[in-house]
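For reference, the structure is listed below as structure tokens.
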Amino acid sequence: MTGRSVVAVHLTESATWARQGGRTIERPSGVIVAAGGLVVGVDRAMAASDEVFEPAPIRFVDDDVLLLGTDAVDVVEVLAEVLADAVVAAGAVTPVDHLVVTCPTGWLTRRRRVLAAAGRRLAREVRVVTIADIAAAVMDPDGANRSGVVLEVGVLASEATATIGGGRVGVDSIGAMDLSVRPEAVAELAEVVHTAHADVPEWIAVVGTLPTGVAGGLADALRRRWGLDVPVCEIPPRTLVGAAFEWGLGQAGQLPRVSGPGDDSEPVPARTSRRWGVVLAAVVTVVVGAALIVVHGSVDDTPTTGNASTDAPVVSDTVIPAPAPTSIAAPAWVSTGRAALEVPPGWHRRGSEGGADRVELVRDDGRPARILLVQKELLPGADLDAVAVTLGDQIEARSDTFGELSRIEFDARPALAYVEVPDHDSRVVWRVFVSDELQVSIGCQALRGEPDSVAQACDAVAGSVMISAR
């Protein structure tokens, strides 16, 4: 990602943090509607007495609009303005090339897509990453996969996530305010941590604004619960956004270099996360558009304009190949040409004979299914619309093999989709993206009676695709 602008943003209920290069800033998270329109980066002291003030618009991520007095403002627009305010304050010029945005670990796909849609308004490429994954990378920088628990404490609620095993427990009755006024809440929070990770973890990371002394009290409560000392470390927002920034700097195919909790200036190697693939289906990458691919033979690498191509669609082989008899431990990322994808748990790359334009993933357990990535360079100026015209014509000519081409949004990015039926036994669901004049198609092939068997892994791979600049 050398030469590309990278910015990380950490949104909280009380402030917005951003990091670009060596500069880290904190901005108020509040918004108001003034005579000139929406104003962001406002705290309560800055808002006039007659202005309607919302201190934490992120709380309205589930809504379509945010009501500010008599004004109804689109939530995606509000969040985009909050992100842009922080990004510009950090010294970046929009649109940035790569934006990393953290989100609470318990957020499901819809909420993450809202953040991704907001980020797309000021960045060419967006990744929404969970706080637990970034915090775990901070706590386990040597890649030893030491088991730990990330405890996220909000104003009114908290949640604990085990970094190995995926256990997560949310509690709506304990937040920072409860910890301030109810001494027994600390012991209750210790029970939440224990529920998420019944065995003794090697570390506990706390993210959020804690009242003074709570971290020490939590350590004491956990010591009593397990009968052993467990290191409890608070990760401040500055360190967290710094780690997210270092993650964003990581080139495709590598995990980031991140800092330890005591020093956010000296980078150290990041861990290889076992959880990363589990949450990947909801991690959002913004890459624009793509094109039809029927994987039948080798793919012609002649650039096309997307509206005057004579190439046939790339079609799937008629038989799903059997993987190697022994299970192969897949790398976290696979890169080929200008495209990269993250390998989901339980899958691995099948050889590399496909060349620089193709990646094939198969199951570790040998069940018949596969996921394909096929890429094709386009001529200057080709975009998703041009590709759609070419693909539509090609599909119409092969209507016995291909279903109707449709426009979709996948994880808040425009794409094309169609279904291929290469034989009587299987079907392939294709998603097509275009970015920086590169066409990338993700095809997921499964037996006809088992279409859902690859759905989760397919979504994860499609959501992870990254395209580097030409």
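Heads up, the sequence shown stops at 845 in my numbering, and the numbers go up one at a time, no gaps.
Glycine included, each C-beta is placed from N, C-alpha and C at the ideal position.
The structure presented is a predicted model; accordingly, all values stated were derived computationally and were not measured.
Cβ neighbour criterion (16 or more within 10 Å) applied to residue i
i: residue 445; result: exposed
i: residue 841; result: buried
i: residue 719; result: buried
i: residue 558; result: exposed
i: residue 770; result: buried
i: residue 503; result: buried
i: residue 482; result: buried
i: residue 843; result: buried
i: residue 395; result: buried
i: residue 789; result: buried
i: residue 587; result: exposed
i: residue 755; result: exposed
i: residue 582; result: buried
i: residue 699; result: Caution applies to residue 699, whose pLDDT of 37 falls short of 50 and renders its modelled position unreliable; the value that the coordinates give is listed next. Per the 10 Å Cβ criterion, exposed.
i: residue 738; result: buried
i: residue 725; result: buried
i: residue 740; result: exposed
i: residue 623; result: buried
i: residue 705; result: Residue placement at residue 705 cannot be trusted, given a pLDDT of 35 that sits under 50; the coordinates are not used to answer.
i: residue 786; result: buried
i: residue 637; result: Caution applies to residue 637, whose pLDDT of 32 falls short of 50 and renders its modelled position unreliable; the value that the coordinates give is listed next. Under this definition residue 637 is an exposed residue.
Cα-Cα separation, residue i to residue j
i: residue 701; j: residue 747; result: Model confidence at residue 701 stands at a pLDDT of 34, short of 50, so the residue's coordinates are unreliable; what they give is reported in the following sentence. Looking at the two C-alpha atoms, the distance is approximately 20 Å.
i: residue 621; j: residue 462; result: 16 Å
i: residue 759; j: residue 510; result: 37 Å
i: residue 391; j: residue 796; result: 48 Å
i: residue 742; j: residue 488; result: 31 Å
i: residue 548; j: residue 715; result: 41 Å
i: residue 767; j: residue 453; result: 36 Å
i: residue 806; j: residue 423; result: 49 Å
i: residue 809; j: residue 402; result: 34 Å
i: residue 839; j: residue 827; result: 19 Å
i: residue 492; j: residue 486; result: 10 Å
i: residue 598; j: residue 604; result: 5 Å
i: residue 765; j: residue 772; result: 11 Å
i: residue 735; j: residue 484; result: 26 Å
i: residue 528; j: residue 490; result: 20 Å
i: residue 543; j: residue 774; result: 46 Å
i: residue 467; j: residue 571; result: 39 Å
i: residue 554; j: residue 469; result: 40 Å
i: residue 791; j: residue 499; result: 18 Å
i: residue 776; j: residue 472; result: 38 Å
i: residue 380; j: residue 721; result: 34 Å
i: residue 521; j: residue 619; result: 20 Å
i: residue 782; j: residue 814; result: 15 Å
i: residue 409; j: residue 464; result: 21 Å
i: residue 794; j: residue 750; result: 18 Å
i: residue 710; j: residue 761; result: 26 Å
i: residue 388; j: residue 459; result: 17 Å
i: residue 696; j: residue 584; result: Because residue 696 carries a pLDDT of 40, less than 50, the predicted location of this residue cannot be relied on, and the following value inherits that uncertainty. In a straight line, the C-alpha of residue 696 is about 52 Å away from that of residue 584.
i: residue 552; j: residue 526; result: 16 Å
Terminal residues of the beta strand (DSSP E) in which residue i lies
i: residue 416; result: 412 to 417
i: residue 543; result: 543 to 546
i: residue 714; result: 714 to 717
i: residue 580; result: 578 to 583
i: residue 783; result: 781 to 785
i: residue 408; result: 405 to 409
i: residue 792; result: 788 to 795
Residue range of the alpha helix (DSSP H) that includes residue i
i: residue 620; result: 612 to 624
i: residue 555; result: 551 to 556
i: residue 495; result: 484 to 495
i: residue 509; result: 506 to 514
i: residue 834; result: 830 to 839
i: residue 562; result: 559 to 571
i: residue 459; result: 450 to 464
i: residue 469; result: Looking at the DSSP string, residue 469 is not in any alpha helix (DSSP H), and its letter there is neither H nor E.
i: residue 847; result: With the chain covering only 376 through 845, there is no way to say anything about residue 847.
i: residue 771; result: 759 to 772
Own chain, CB closer than 6 Å to residue i, minus 5 neighbours either side, in chain order
i: residue 433; result: 386
i: residue 532; result: 547 and 550
i: residue 435; result: 441 and 450
i: residue 594; result: 607
i: residue 474; result: 382, 494, 498 and 501
i: residue 438; result: 450
i: residue 480; result: 505, 506, 507 and 536
i: residue 562; result: 596
Beta-carbon contacts of residue i that lie in its chain and below 7 Å, excluding the five residues immediately before and after
i: residue 496; result: 455
i: residue 577; result: 521, 522 and 523
8 Å Cβ shell around residue i - same chain, five flanking residues per side excluded
i: residue 419; result: 405, 428 and 430
i: residue 478; result: 386, 486, 487, 490, 503, 504, 505 and 506
Report yes or no: do three or more beta-carbon pairs, one from the region 795 to 806 and one from the region 514 to 526, lie closer than 8 Å?
-> With the cut-off at 8 Å, the region 795 to 806 and the region 514 to 526 do not touch.
Report yes or no: do the region 501 to 508 and the region 413 to 421 share at least 3 C-beta pairs separated by less than 8 Å?
-> Flag = no, the region 501 to 508 and the region 413 to 421 do not touch.
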